[in-house]
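**Student:** I have a structure I would like to understand better, so I am pasting it below and will then ask my questions one at a time.
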Ligand code: ADE
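Rendered as structure tokens:
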């Protein structure tokens, strides 16, 4: 997969993209991530990318020109047809199903703009899919883009050491993940459930299913209601 990111703050991405699973996936060629600085496409010598809003009001609004020029440039960097995504709190809420859907694409272009204001023609003219990571306002789309990338890349074949790891994740089958334990067997008077030491794989699998369902009922009953609505 190739992911292009358009941003005014490419430096924000350096550390998250250079650690852990994202680093490994990039090093292994599973994902190629390319940053483009929208400011490089500013039309004036001052490298301005925003201006005062027409009609008055506080703050500055991102001008459409540099964003469109940046997209035109980035599109040409690879022959693959991209899926265009605009990170904004006005978008559809991101979830595991969307992460899985996006993980099947060969190329994504993510546009991380300032929240304060996008000239409306960016939204209209690009016809991009709008995605939000939750009902709260961030200063810009950068952290949202990182969340999306993290969730998508771990689903790419080969990104995790063991491809089964993602299958058991919370949400991947609509419910929360079962509880996990490792050594020591007893820690501060808390013991690992006997069943996990029994070696009976069928019973362990059943226990895990029961536990996953139980904790979903207790902590996220909305997930089960969503399920019932779907069926
Ligand atoms: N930009 C600002 N807030 C955002 C959010 N909640 N999701 C995606 N992009 C954003």
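Residue numbers (the numbering used here): 1 to 231.
Virtual Cβ for every residue (Gly too), placed ideally from N, Cα, C.
All of these numbers come straight from a predicted model, not from anything done at the bench.
From 172, 192, 90 and 53, pick the residue whose C-alpha is nearest to that of residue 180; which is it?
**Tutor:** Residue 180 sits at position 180 when you count from the first residue of the chain shown. That would be 192, whose Cα lies nearest to the Cα of residue 180.
**Student:** In or out: residue 197 buried (at least 16 other Cβ within 10 Å) or exposed?
**Tutor:** What you label residue 197 is simply residue 197 of the chain shown in a count that begins at 1. So residue 197 counts as exposed.
**Student:** Would you tell me roughly how many angstroms separate the C-alpha atoms of residue 84 and residue 61, rounded to the nearest one?
**Tutor:** Here residue 84 refers to the residue found at position 84 of the chain shown. Here residue 61 refers to the residue found at position 61 of the chain shown. Near 21 Å, if we compare the C-alpha coordinates of residue 61 and residue 84.
**Student:** Hey, quick one: how far does the beta strand (DSSP E) through residue 303 stretch, first residue to last?
**Tutor:** This structure leaves residue 303 out entirely; the chain is present only between 1 and 231.
**Student:** Please classify residue 165 as buried or exposed, where buried requires at least 16 other C-beta atoms within 10 Å of its C-beta.
**Tutor:** Residue numbering aside, residue 165 sits at position 165 when the chain shown is read from its first letter. Per the 10 Å Cβ criterion, exposed.
**Student:** Based on the DSSP secondary-structure assignment, which residues constitute the bridge partners of residue 110?
**Tutor:** Within the chain shown, residue 110 is the residue found at index 110, counting from 1. Paired residue(s): 5 and 85.
**Student:** For residue 171, I'd like the list of residues in its chain whose CB is within less than 6 Å of its CB, leaving aside the five on either flank, ordered along the chain.
**Tutor:** Here residue 171 corresponds to residue number 171 of the chain shown, with the count starting at 1. Closer than 6 Å at Cβ, skipping near neighbours: 96.
**Student:** Quickly, what does DSSP pair residue 137 with across the bridge? List them, please.
**Tutor:** One-based indexing of the chain shown puts residue 137 at position 137. Residue 137 is not bridged to any residue.
**Student:** Look at the alpha carbon of residue 38 and the alpha carbon of residue 142, and state the distance between them as a whole number of angstroms.
**Tutor:** Translated into positions along the chain shown, residue 38 becomes position 38. Translated into positions along the chain shown, residue 142 becomes position 142. Using only the alpha carbons, I get a separation of about 13 Å.
**Student:** Run through DSSP, which three-state label would residue 40 get?
**Tutor:** Numbered from 1 along the chain shown, position 40 holds the residue referred to as residue 40. The answer is helix: DSSP assigns residue 40 an H, G or I state.
**Student:** Taking the C-alpha atoms as reference points, what is the distance between residue 208 and residue 178?
**Tutor:** If you number the chain shown from 1, residue 208 lands on position 208. If you number the chain shown from 1, residue 178 lands on position 178. Between residue 208 and residue 178, the C-alpha separation is close to 5 Å.
**Student:** Are the region 150-161 and the region 21-37 touching by the rule of at least three beta carbon pairs closer than 8 Å?
**Tutor:** Contact between the region 150-161 and the region 21-37 is present, because at least three Cβ pairs lie under 8 Å.
**Student:** Who does residue 132 pair with in a DSSP beta bridge?
**Tutor:** Working through the chain shown from its first residue, we reach residue 132 at position 132. Answer is 93.
**Student:** What does residue 191 pair with, by DSSP beta-bridge criteria?
**Tutor:** Along the chain shown, read from residue 1 onward, the residue named residue 191 stands at position 191. Answer by DSSP bridge pairing, in chain order: 186.
**Student:** At a cut-off of 6 Å, would you count residue 102 as near ligand 1, judging by its Cβ distance to the nearest heavy atom?
**Tutor:** The sequence position of residue 102 within the chain shown is 102, counting from 1. No, the Cβ of residue 102 stays beyond 6 Å of every heavy atom of ligand 1.
**Student:** Using 10 angstroms around the beta-carbon of residue 31, count the other beta-carbons present and answer buried if the total reaches 16, otherwise exposed.
**Tutor:** As a working note, residue 31 is residue 31 in the chain shown. Counting Cβ neighbours within 10 Å, residue 31 comes out buried, since at least 16 surround it.
**Student:** Does residue 62 come out as helix, strand or coil in the three-state DSSP assignment?
**Tutor:** Position 62 of the chain shown, counted from the start, is the residue given in the question as residue 62. Residue state, collapsed to three classes: strand.
**Student:** For residue 212, count the other beta carbons within 10 Å of its own beta carbon; 16 or more makes it buried, fewer makes it exposed. Which is it?
**Tutor:** Here residue 212 refers to the residue found at position 212 of the chain shown. Buried, by the Cβ-count rule.
**Student:** Tell me whether residue 88 counts as near ligand 1, meaning its Cβ is closer than 6 Å to at least one heavy atom of that ligand.
**Tutor:** Position 88 of the chain shown, counted from the start, is the residue given in the question as residue 88. For ligand 1, at least one heavy atom lies less than 6 Å from the Cβ of residue 88.
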